[in-house]
Structures are given as structure tokens and as C-alpha cells.
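K.L.:
Order-wise, the sequence lines are chains A and B. Take 0 as the starting number for the first sequence in the numbering used here and just add one per residue. Take 0 as the starting number for the second sequence in the numbering used here and just add one per residue.
2 protein chains.
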Amino acid sequence: MVEIWRGPFMESQHWGHAVVVNANGEVIESWGNPDEIILPRSSAKMLQALPLVESGAADAAGLTPEQLALACASHDGAAIHTDRVRNWLGDMGLGEDDLCCGPQLPDDRPSKKALICAGEKPCRIHNNCSGKHAGFLTLARHLGADIADYVNPDHAVQQAAKLAFEEVTGLDTPGFGIDGCSAPNFATSLSGMGRAMAAFAAAEEGRSARDSAMVRLREAMMAHPDLVAGEGRACTELMRATPGKVAVKTGAEAFFIAILPEQKLGVALKISDGSTRASECAIAAILARLGVADPSDPMVQKRLAPRILSRAGEDTGGIRPVAELWAG
Amino acid sequence: MVEIWRGPFMESQHWGHAVVVNANGEVIESWGNPDEIILPRSSAKMLQALPLVESGAADAAGLTPEQLALACASHDGAAIHTDRVRNWLGDMGLGEDDLCCGPQLPDDRPSKKALICAGEKPCRIHNNCSGKHAGFLTLARHLGADIADYVNPDHAVQQAAKLAFEEVTGLDTPGFGIDGCSAPNFATSLSGMGRAMAAFAAAEEGRSARDSAMVRLREAMMAHPDLVAGEGRACTELMRATPGKVAVKTGAEAFFIAILPEQKLGVALKISDGSTRASECAIAAILARLGVADPSDPMVQKRLAPRILSRAGEDTGGIRPVAELWAG
Chain A
0 MVEIWRGPFM ESQHWGHAVV VNANGEVIES WGNPDEIILP RSSAKMLQAL
50 PLVESGAADA AGLTPEQLAL ACASHDGAAI HTDRVRNWLG DMGLGEDDLC
100 CGPQLPDDRP SKKALICAGE KPCRIHNNCS GKHAGFLTLA RHLGADIADY
150 VNPDHAVQQA AKLAFEEVTG LDTPGFGIDG CSAPNFATSL SGMGRAMAAF
200 AAAEEGRSAR DSAMVRLREA MMAHPDLVAG EGRACTELMR ATPGKVAVKT
250 GAEAFFIAIL PEQKLGVALK ISDGSTRASE CAIAAILARL GVADPSDPMV
300 QKRLAPRILS RAGEDTGGIR PVAELWAG
Chain B
0 MVEIWRGPFM ESQHWGHAVV VNANGEVIES WGNPDEIILP RSSAKMLQAL
50 PLVESGAADA AGLTPEQLAL ACASHDGAAI HTDRVRNWLG DMGLGEDDLC
100 CGPQLPDDRP SKKALICAGE KPCRIHNNCS GKHAGFLTLA RHLGADIADY
150 VNPDHAVQQA AKLAFEEVTG LDTPGFGIDG CSAPNFATSL SGMGRAMAAF
200 AAAEEGRSAR DSAMVRLREA MMAHPDLVAG EGRACTELMR ATPGKVAVKT
250 GAEAFFIAIL PEQKLGVALK ISDGSTRASE CAIAAILARL GVADPSDPMV
300 QKRLAPRILS RAGEDTGGIR PVAELWAG
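#1: Indicate whether at least one CB of chain B lies closer than 9 Å to the CB of R288/A.
#2: Which same chain residues end up closer than 6 Å to D58/A when comparing Cβ atoms and leaving out the 5 residues on each side of it in sequence?
#3: Could you check the C-alpha separation between R194/B and K120/B for me, to the nearest Å?
#4: Of all the residues that make up the region 294 to 324 of chain B, which are near chain C by a beta-carbon distance shorter than 9 Å?
#5: Could you give the DSSP three-state label for L88/A: helix, strand or coil?
#6: Taking Cβ positions only, does W30/B come closer than 9 Å to chain A?
#7: Please state whether DSSP places M9/B in a helix, a strand or coil.
#8: Using a Cβ-Cβ cutoff of less than 6 Å, which residues in the same chain neighbour K49/A once the five nearest sequence positions on both sides are dropped?
#9: Mind checking whether H16/B and E35/B have CB atoms under 9 Å apart?
#10: Which residues of chain B have a Cβ atom closer than 7 Å to the Cβ of R5/A, listed in chain order?
#11: Counting only beta-carbon separations shorter than 9 Å, does E10/A have a partner in chain B?
#12: What are the start and end residues of the alpha helix (DSSP H) that includes E15/A?
#13: Residues in its own chain within less than 7 Å of E165/B by CB, not counting five upstream and five downstream?
#14: Assuming S29/A is part of the beta strand (DSSP E), what are its boundary residues?
#15: On a CA-only basis, which of S295/B, K301/B, D106/B, P260/B is nearest S278/B? Give me that one, please.
#16: Hey, is the region 90 to 104 of chain B in contact with the region 307 to 325 of chain A, meaning 3+ C-beta pairs nearer than 8 Å?
#17: Rounding to the nearest angstrom, what Cα-Cα distance links D96/A and P33/B in this structure?
#18: Measuring CB to CB, does L264/A end up less than 9 Å from A197/A?
#19: Evaluate G273/A with the Cβ neighbour count: other Cβ atoms within 10 Å of its Cβ, from every protein chain shown; 16 or more gives buried, anything less gives exposed.
#20: Please go through the same chain and pick out, in chain order, the residues whose beta-carbon is closer than 7 Å to the beta-carbon of E2/B, but skip the five residues on each side of it.
#21: Are the beta-carbon atoms of G174/B and G6/A separated by less than 9 Å?
#22: Would you call the region 129 to 149 of chain A and the region 59 to 79 of chain A touching, i.e. three or more CB-CB distances under 8 Å?
#23: Would you mind stating whether F255/A and A240/A have Cβ atoms separated by less than 9 Å?
#24: Among F199/A, V18/A, G191/A, whose alpha-carbon lies nearest the alpha-carbon of G169/A?
#25: Could you pull the start and end residues of the beta strand (DSSP E) that K248/B belongs to?
#26: What residues of chain B sit near C100/A, judged by a beta carbon separation below 7 Å?
#27: If we require 4 or more residues per run, which alpha helix (DSSP H) segments fall completely within the region 134 to 185 of chain A?
#28: Which residues in the same chain have their Cβ closer than 6 Å to the Cβ of A219/B, if we skip the five residues on either side of it in sequence?
#29: Leaving out five residues before and five after T235/A in sequence, what residues of the same chain have Cβ atoms less than 8 Å from its Cβ?
#30: May I have the straight-line CA-CA distance separating P152/A from I270/A, to the nearest angstrom?
#31: Can L324/A and A292/A be called in contact, C-beta distance under 9 Å?
#32: Quick check: what's the CA-CA separation for Y149/A versus A155/A?
#33: Taking all protein chains shown into account, decide if E261/B is buried (16 or more other Cβ within 10 angstroms of its Cβ) or exposed.
#34: Counting only C-beta atoms, is Q103/B closer than 9 Å to chain A at any point?
#35: Have a look at the DSSP bridge pairing and note the partners of F255/A.
#36: Taking the C-alpha atoms as reference points, what is the distance between G31/B and L308/A?
Right under this line is the structure:
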């Protein structure tokens, strides 16, 4: 799907699988194997957040679009993220210790530098999934369930997430893996994930509780690109480059999804080797192919055709999608 | 060649090419395509250092085994590396500005933290290739060539490196790419690179100027694993785990070589997608397969079968070589 060139040589290459699915759940375009069984990792966060909204928990807790965006986020631990999650937990009378995710050093440079140079350790709120976990806690409270063990696959919160995941992907999950944040991450097929994203894209406000929840979550993501990832990050910059046209979300091990409300299309892709440089290039190529991203936009170009420079700044090569993905 | 597992699912996988070559230059074992054209990147440093030793430049400058190890190194910018390179340049009456490589933030944590927290910028001596460049400058001086432009592909130093590279790989190079340190990196086939490593492995002191140079370089690497890479790095730890048995060297974009003097074997491998986690696992697997690395040694295990932990420390999966590479 993606080639790495240095001078006249293709030095490395990335294979993968991708699907574009329409409102009827039909795969209208695919690369690789649409039936590949995958772990969507953080690309499934808007699916994991569905019960939070559908159950009425979000309204009962008065969650704002900013908080819904954080529930779907893999944030980089900047103050705009950690302050909001800390306040969210505080509003519930909870704190960092109630999060089941482990601590993670922020990717946000200023926050990272401040912690390291102060000799301090990161906390659980810095974990890129802390917003998702605040959402889990909000749902656990609303369901009157135990909040101590909300990442247990048998817990009401995870059972609700599994049910929504299976209904929207249209498949029974073959199982789960434990994610980096300790929560179960359910497996499905690539086309199942594409179907779920198409459902988010085609959802209409008021048509059903699920449709309304999907609309609120996708709109929250598009309204707050900075909360979904962070400054300089692919999800944030690609959504800023395509205002209101697409919600994108990356997942660990080179997963990526896109929700295109105007075309009512869903996209899901997995780079087989788990390389982020390739998943970012591939999603940018597909967004350009579908006409929602302008390939000349610097924030799109940065992923679609980045140059590889030497330490001294010379142009030594570049990354580019294969012609089958986007001929340019 | 390498699989990434999370729970019951193979989440990602890495393909690649590898060869084991004997003293006669014959490929005795291979995976993938032995004829694949590759850029060996930093795995070619001992080849780029051959003219430095063969020409007599190393002896004329009184270079020590430590300096020869640094000429073959991709060091992590720790004080043990930068102090020695700075002194080496000083002995020639030269300094940082005479290096053609660009500045690079050290991978060595203490050095990196010190620079960042002091608000200082890294210099060219921190570049992981600064030892190779000090060697280039030493050769340029010895040849009476211009020292200002020694990375120019037409410069006597690079022409000498190209000639040695072609003679030892047994192939005319199809061209070069510019490396991250601004020097040309010549292309060859994977089997050509394996042949070159087998020549280093089979070389005998005194049999020829080239053989003697090969012995001095491979012995210098094995004698100073800490100078070839750095604390915690794969090359350093794999050589410490196999004292005197093998010289290994990684290269960017997932290249790896091994020189096995006792068996007179050379190994070269390339993970197609450029992933280091896979090239480190694959070389550890091949060293275990060839009987020079003990798979139960923690420093080998760390690359051969590392566990993937959640941020909270739970075991969520692992990395492992495919059975065709090493059945364990």
C-alpha cells in the first residue's frame, strides 16, 4: 500500500488491507483481504462510547461535546486533555486512582519535557485513553455497577460495549485482546469495522437512539480535532484539513478509520506490519481518492507524500502510496 | 519472518529476506529473495571502514581498536562515544564543523535528558555516524584529499569505499542512496551483503592486507560492544551475550548483519517494512538457529521473544519469529 524510497531505490514497503463501505453496508472498494480478522484498537473508541450516549448516561452527567470527543480520543497528554479529564473525574467525585489504565509519558512535547526535567513521573490521566476510561466510569456509575473493575470483560460496561460493537459491525466477535490501557479490545473483520464506520457516517439525528448517539459522537470528534489527538498529530491535522467532512481515528499497530457523513461512507484500513507512517499515508491517500482531502493541503501532504531528510536537511527520499491506492 | 500476537490474535506480521553465506561465498540457507536489491545502511559501516585500515591510514594515525569500533558504530550519543570522537577529531586538529553529518539528538537517555533540560541543541558529534565520519576524515587526510567535501560520491574517500564494497560483495553496485548522515550508501543484493559478511568471518590475520583489515575491524567490534551502539541497544547486548563468537550490526530500515568467525559464516537480513522490532527478533532467531546465541540469555530473549505489556504492566501479547526462522 505504501512505498519508502531512497534515491532511485524502493528501500521498504508496507502491505495492508482496506475497505470503503456504503450506507447499505456493502464493500464498494477494497484492497487486500476485506475478511481479515483485526483488532481495531483505538479506532474502536467511538464504538466503545456508544453505550455511554445511548444509555442516557452522557446526558444524565451533562457531558459536553468536548467530553464526548475525549471519550473517543487517543490524546497526547497535553494540558488541554489532562485538565479536562481531571475535571471530568472530579465532577464524579473520582480521581486518577479510579482509572484502570496505567500511567503513560505524554507525547505532547511541552508536557513531556516538563515532566522529565522536573524529574516527575506521568500519571494515569496522561494515558492517551484516559478520556475513554472517564466515559467507562460515567457509564458504570449510571448503570449502578461496580466502578472498581470496569475493564473486566464480564463487567456491565464492557458487556454493553461488546453488544454495541457486535450490532454495529454486524458480526459476533471472535474474541478480544487486552489493549495497552487494560480494557478489552474486541476483534472483528476489516469489512465489519468498515460497516460500523459507514453506519456512523449514514446516521441521522432522531432516527433512533443509536443514530442520534452516532451523530453526536462523530460531530463531537469533528468539532474538537485538538481533543481527539493533539497538536501535530495525524487525526487532528487531517480533521482540521477537512472541516466537517470527515471524522478520522487512528489505532495502534497501524489501524485507521474514517467516517464520511456527506458521502455516507465508512473506511477502515490495517497496515499488516503495524507501521504508523504507512497507515497515515494510506488513510490520506484514500481521503484524497474519495475527494474529501485536498492533496495539496500541507497537513494532508505531510502524510500523503512526506519527504525523508538527512540529519543535515538534504532530501534523501520519500514516502508515497502505491498507484492502486491513489495515483496522485 | 516475525509475528506480533495480542491475546489469541496475530495482530501484525513482518515479511523479509535473509541469507546465511559460507566462506566460499555460497548461500547455504535463505528466506525470501536472496537477490533482493537492498541498501545496507549502517550495516555497511565495516565495509566503509576497510579503506581506512587497508590504506595504512589507521596505523599512520595510530588508531586504537576503540576508534575502529567507533568507525563501524551507530552509537547513541552517550559521553563514552562523543568524548572519544571529539578527541579523535582534536588529534587531527579538526572539530565538529569538519563533520559533514548533521546534528542528531542522542538516543542515550541521560545525554538526551541533559541536552533537553538544559535547552541545548545536539551537535554533529552526537550524530550516530560521527565515528564513521571521523574515519572518513582520517582517510581523506592520509590520501592528501580535500577534507571539505568527503561525502561527495566522487570524492577519493567515497570512491575507495565503493571499490572495496564492490570487491567484497562481488557485485557492481547498481547505485546509491544518500544516508541520514549525508554519505552515499551503496546498494547491492542481499546475497552480496551476505558474501561480504562471510568474507569478514573467514578472514585470517596476515593472509592479505584486506584479510588483516577485516580481522582488525571485526575484532574491534566484538571487543567494544558498548562503542558500536550503546547501553540497552541490540547490537551491544547481542555481542555481550555472545562474547567473541559474533559481530552484529544493525542498519536503518530494519537491516541487520552478523559475522560468525568460528563458523566462518556471514548473515544478512532485511525486514521489508523497515521495522526494527522485527529485524532484532529475526537476527536473534538466526543467531540462536546457528547456535551462537543462547535463547535463554535475557539479552537474547529480549529480542527473540519480547512480551508486550499494557501501560499497567499486564502481559497482553508478544513478538516471536516464525517457525521457519527458528522453531525454538
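Heads up, the beta-carbon is just placed ideally off N, CA and C, and yes, glycines get one too.
P.N.:
With the given structure in hand:
#1: Working through the first sequence from its first residue, we reach residue 288/A at position 289. Judged by the 9 Å Cβ criterion, R288/A is not in contact with chain B.
#2: Along the first sequence, read from residue 1 onward, the residue named residue 58/A stands at position 59. Once the five neighbours on either side are set aside, D58/A has no close Cβ partner at all.
#3: Counting from 1 along the second sequence, the entry for residue 194/B is found at position 195. Counting from 1 along the second sequence, the entry for residue 120/B is found at position 121. One C-alpha to the other measures close to 41 Å.
#4: Structure shown: chain C not included; protein chains present are A and B.
#5: Here residue 88/A is taken as the residue at index 89 of the first sequence, counted from 1. In this structure, L88/A counts as helix in the three-state DSSP scheme.
#6: Residue numbering aside, residue 30/B sits at position 31 when the second sequence is read from its first letter. Not an interface residue.
#7: For the purposes of this step, residue 9/B is taken as residue 10 along the second sequence, with counting starting at 1. Of the three classes helix, strand and coil, the one that applies to M9/B here is strand, per DSSP.
#8: Reading the first sequence from its first residue, position 50 is the one you call residue 49/A. Residue identity differs from the one stated: residue 49/A is Leu in this sequence, not Lys. Here the set comprises A163, A212.
#9: Translated into the one-based positions of the second sequence, residue 16/B becomes position 17. Translated into the one-based positions of the second sequence, residue 35/B becomes position 36. Yes; because the gap between Cβ atoms is below 9 Å, this pair is in contact.
#10: Locating residue 5/A in the first sequence gives position 6, where the first residue counts as 1. Chain B residues near R5/A: L38, G176.
#11: Position 11 of the first sequence, counted from the first residue, corresponds to residue 10/A. It does: the Cβ of E10/A has a partner Cβ on chain B nearer than 9 Å.
#12: If you number the first sequence from 1, residue 15/A lands on position 16. For the sequence presented, residue 15/A should be read as Gly rather than Glu. Segment 15 to 20 is the beta strand (DSSP E) holding G15/A; no alpha helix (DSSP H) there.
#13: Stepping through the second sequence from its first residue, residue 165/B is reached at position 166. Closer than 7 Å at Cβ, skipping near neighbours: D171, T172.
#14: In the first sequence, the residue the question calls residue 29/A occupies position 30. Its beta strand (DSSP E) spans residues 26 to 30.
#15: Within the second sequence, residue 278/B is the residue found at index 279, counting from 1. Of the listed residues, the one whose Cα sits closest to S278/B is K301/B.
#16: yes
#17: Position 97 of the first sequence, counted from the first residue, corresponds to residue 96/A. Position 34 of the second sequence, counted from the first residue, corresponds to residue 33/B. The alpha-carbon atoms of D96/A and P33/B are separated by roughly 54 Å.
#18: Here residue 264/A is taken as the residue at index 265 of the first sequence, counted from 1. Here residue 197/A is taken as the residue at index 198 of the first sequence, counted from 1. Closer than 9 Å, so yes.
#19: Here the question's residue 273/A lines up with position 274 in the first sequence. That one is buried.
#20: Here residue 2/B refers to the residue found at position 3 when the second sequence is read from its first residue. Excluding positions up to five away in sequence, the list reads M9, Q12, R319, V321.
#21: Here residue 174/B refers to the residue found at position 175 of the second sequence. Here residue 6/A refers to the residue found at position 7 of the first sequence. The answer is yes: Cβ separation under 9 Å.
#22: yes
#23: The count along the first sequence starts at 1 and reaches residue 255/A at position 256. The count along the first sequence starts at 1 and reaches residue 240/A at position 241. No. Outside cutoff.
#24: Counting from one through the first sequence, the residue named residue 169/A turns up at place 170. Of the listed residues, the one whose Cα sits closest to G169/A is G191/A.
#25: In the second sequence, the residue the question calls residue 248/B occupies position 249. It spans 246 to 250 - the beta strand (DSSP E) in which K248/B sits, taken as one unbroken run.
#26: The residue you call residue 100/A lines up with position 101 of the first sequence. Simply R310, A311.
#27: 155 to 168
#28: Reading the second sequence from its first residue, position 220 is the one you call residue 219/B. These residues qualify, in order along the chain: P64, L67, A68.
#29: For the purposes of this step, residue 235/A is identified with residue 236 of the first sequence, where counting begins at 1. Around T235/A: P224, D225, V227, A228, G229.
#30: Within the first sequence, the letter at position 153 stands for residue 152/A. Within the first sequence, the letter at position 271 stands for residue 270/A. Approximately 27 Å between the Cα atoms of the pair.
#31: Counting from 1 along the first sequence, the entry for residue 324/A is found at position 325. Counting from 1 along the first sequence, the entry for residue 292/A is found at position 293. In this structure, A292/A does not lie closer than 9 Å to L324/A by Cβ.
#32: If you number the first sequence from 1, residue 149/A lands on position 150. If you number the first sequence from 1, residue 155/A lands on position 156. If I take the Cα positions, the gap works out to 8 Å.
#33: Walking along the second sequence from the start, residue 261/B turns up at place 262. Label assigned to E261/B: exposed.
#34: In the second sequence, residue 103/B corresponds to position 104, counting from 1. Closer than 9 Å to some Cβ of chain A, the Cβ of Q103/B qualifies, so yes.
#35: Translated into the one-based positions of the first sequence, residue 255/A becomes position 256. DSSP lists T249/A, L268/A as partners of F255/A.
#36: The sequence position of residue 31/B within the second sequence is 32, counting from 1. The sequence position of residue 308/A within the first sequence is 309, counting from 1. Cα to Cα, G31/B sits roughly 29 Å from L308/A.
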